[in-house]
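Numbering (my numbering), first residue to last: 63 to 382.
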């Protein structure tokens with residue numbers, strides 16, 4: 063099993079197949095499990111950040127409902143690529159109007175990235191959901207539920223997912239490490255959690271990338287693979303700036319960015335996190351975080367990254 067590291071993506075290999083294997087979102091899993099037990103799934107809207115188990119949960123539910131032939135009764139579309147009204151009128155409607163195979167009461171149509179559907183497509187979908195509710199149940203998966211029109215939201219049971227907690231990610235990574243015969247340092251686990259921010263997919267990808275190089279996963283290898291500076295390095299830059307040495311802080315930040323190949327947007331997000339660990343007044347921290355938001359906006363709009371970062375560091379040097 064340990065040799066599989068180069069042959070298969072772990073995000074698919076270790077995707078849960080049963081409700082008992084899903085980590086996090088306990089209340090949501092409990093409710094969906096109860097629906098499946100009754101054999102009556104309502105239209106669902108699963109909303110939340112990437113990698114928190116939305117798609118996995120509904121695929122597990124489909125397996126439980128239909129058994130080994132679940133693919134015959136499930137349509138998976140990615141609305142970010144198939145986002146127009148024609149897809150709803152043709153592909154989805156054709157699937158929804160036919161009866162389920164194997165004696166089941168209904169099929170399941172999964173619309174991943176549903177918040178990318180155009181307004182016209184969503185309006186067409188609203189009517190399709192009404193017409194074919196007896197033969198098909200719709201599951202919309204979105205990062206932002208606010209981008210789904212109200213008439214569709216009112217037709218669905220809405221479940222809001224949250225990023226996975228540290229203990230849940232730890233369980234997932236330790237299980238993979240055990241099967242793949244990896245050794246993960248405690249600090250490496252903390253580093254993965256810092257980098258992925260509750261995204262299990264990202265965590266597994268980072269772990270697999272590190273494992274290709276070495277079966278012993280260290281904190282350093284995690285940050286190098288994720289192309290992020292170690293938090294202590296960013297904190298050192300900020301402490302030098304707060305100490306009043308602008309030139310040294312600027313040079314140190316530039317060296318760190320070149321060492322890890324970081325963009326200005328990568329750095330600004332790490333700086334924002336480390337501000338809270340500085341030994342300065344709380345109201346100064348708030349002002350600096352506010353400034354980070356402004357600097358990030360300028361970068362997104364096309365301003366020179368180094369100039370903006372220097373302006374931010376200059377503000378640190380006059381902060382007490």
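Backbone N, C-alpha and C fix where the C-beta goes; we use that ideal spot for every residue, glycine too.
From the DSSP output, in three-state form, read off residue 331 for me. In the three-state scheme derived from DSSP, where H, G and I count as helix and E and B as strand, residue 331 is classed as helix.
Can you grab the Cα-Cα spacing for the pair residue 68 / residue 318, in whole Å? Caution applies to residue 68, whose pLDDT of 45 falls short of 50 and renders its modelled position unreliable; the model cannot decide the point.
Under the rule that 16 or more other beta-carbon atoms within 10 Å means buried, what is residue 309, buried or exposed? The residue in question, residue 309, is exposed, as its Cβ has fewer than 16 Cβ neighbours within 10 Å.
Might you give, ordered along the chain, the residues of its own chain that have their beta carbon closer than 7 Å to the beta carbon of residue 117, omitting 5 neighbours on each side? Only 174 and 203 meet the Cβ criterion.
Contacting residues, own chain, Cβ-Cβ under 8 Å from residue 66 (five flanking each side not counted): The pLDDT assigned to residue 66 is 44, lower than 50, so where the model puts this residue is not dependable, and the model offers no usable value.
Where the alpha helix (DSSP H) containing residue 252 begins and where it ends: Start and end: 248 to 258.
Measuring CB atoms only, is the region 260 to 270 touching the region 292 to 299, in the sense that at least three cross pairs come out at less than 8 Å? Contact between the region 260 to 270 and the region 292 to 299 is absent, because fewer than three Cβ pairs lie under 8 Å.
Can you look up residue 138 in the DSSP assignment and give me helix, strand or coil? Reduced to three states, the DSSP call for residue 138 is strand.
Below 8 Å between beta carbons: does that hold for residue 249 and residue 281? In contact: residue 249 and residue 281 (Cβ atoms closer than 8 Å).
Residue closest to residue 359, alpha-carbon to alpha-carbon, out of 346, 330 and 380: Nearest of 346, 330 and 380 to residue 359, Cα basis: 330.
Is it buried or exposed, residue 160, if we count other Cβ atoms within 10 angstroms and call 16 or more buried? With fewer than 16 Cβ atoms within 10 Å of its Cβ, residue 160 is classed as exposed.
Pair every Cβ in the region 225 to 239 with every Cβ in the region 183 to 198, then say whether three or more of these pairs are closer than 8 Å. Counting Cβ pairs under 8 Å, fewer than three are found: no touch.
By the three-class DSSP mapping on this structure, what secondary structure does residue 211 have? For residue 211, the secondary structure class from DSSP, reduced to helix, strand or coil, is coil.
Could you check if residue 332 is buried or exposed, using at least 16 other CB atoms within 10 Å of its CB as the buried criterion? Taking a 10 Å sphere around the C-beta of residue 332, we find 16 or more other C-beta atoms and assign the residue as buried.
Going along the chain, which residues of its own chain have a beta-carbon closer than 7 Å to the beta-carbon of residue 372, five neighbours each way excluded? Cβ within range, chain order: 312.
Need the endpoints of the alpha helix (DSSP H) that residue 379 sits in, please. Segment 367 to 379, the alpha helix (DSSP H) holding residue 379.
If you scan the region 121 to 206 from start to end, which runs of the alpha helix (DSSP H) of 4 or more residues do you find wholly inside it? Every unbroken stretch of the alpha helix (DSSP H) spanning 4 or more residues and falling wholly within the region 121 to 206 is given here in chain order: 155 to 159 and 181 to 193.
Mind pulling the alpha helix (DSSP H) runs of 4 or more residues that sit fully within the region 79 to 113? Whole alpha helix (DSSP H) segments, 4+ residues: 88 to 100.
The region 199 to 218 in contact with the region 165 to 173 per 3-pair CB rule at 8 Å: The answer is yes - the region 165 to 173 touches the region 199 to 218, with three or more Cβ pairs under 8 Å.
In three-state terms, what does DSSP make of residue 353? Per DSSP, reduced to three states, the secondary structure at residue 353 is helical.
Does DSSP put residue 359 in a helix, a strand or coil? Assignment of residue 359 by DSSP, reduced to helix, strand and coil, places it in the helix class.
Exposed or buried, residue 325, counting other C-beta atoms within 10 Å across all chains shown (16 or more means buried)? Residue 325 comes out exposed.
Spell out the partners DSSP gives residue 222 in its beta bridges. Under DSSP, residue 222 shares a beta bridge with 109.
Of the residues 327, 251, 307 and 99, which one's Cα is nearest the Cα of residue 377? Out of 327, 251, 307 and 99, 307 has the C-alpha closest to the C-alpha of residue 377.
Spatial distance of residue 354 from residue 211 (CA atoms): Distance between the alpha carbons of residue 354 and residue 211 is about 33 Å.
From residue 322 to residue 350, what does the alpha carbon distance come to, in whole angstroms? Using only the alpha carbons, I get a separation of about 24 Å.
Rounded separation between residue 278 and residue 229 - CA only: Taking the straight line from one Cα to the other gives about 21 Å.
Burial state of residue 125, where buried means 16 or more other Cβ atoms lie within 10 Å: So residue 125 ends up on the buried side.
Limits of the alpha helix (DSSP H) - the one that residue 238 falls within: 228 to 242 is the extent of the alpha helix (DSSP H) around residue 238.
Where the alpha helix (DSSP H) through residue 271 begins and ends: 262 to 275 is the span of the alpha helix (DSSP H), which, as asked, contains residue 271.
Which same chain residues, not among the five before or five after residue 235, have their C-beta less than 7 Å away from its C-beta? 246, 251, 254, 265 and 269.
By Cβ distance, which residues of its chain are closer than 6 Å to residue 137, with the 5 residues on each side in sequence left out? So the list reads 157 and 171, once near-sequence residues are dropped.
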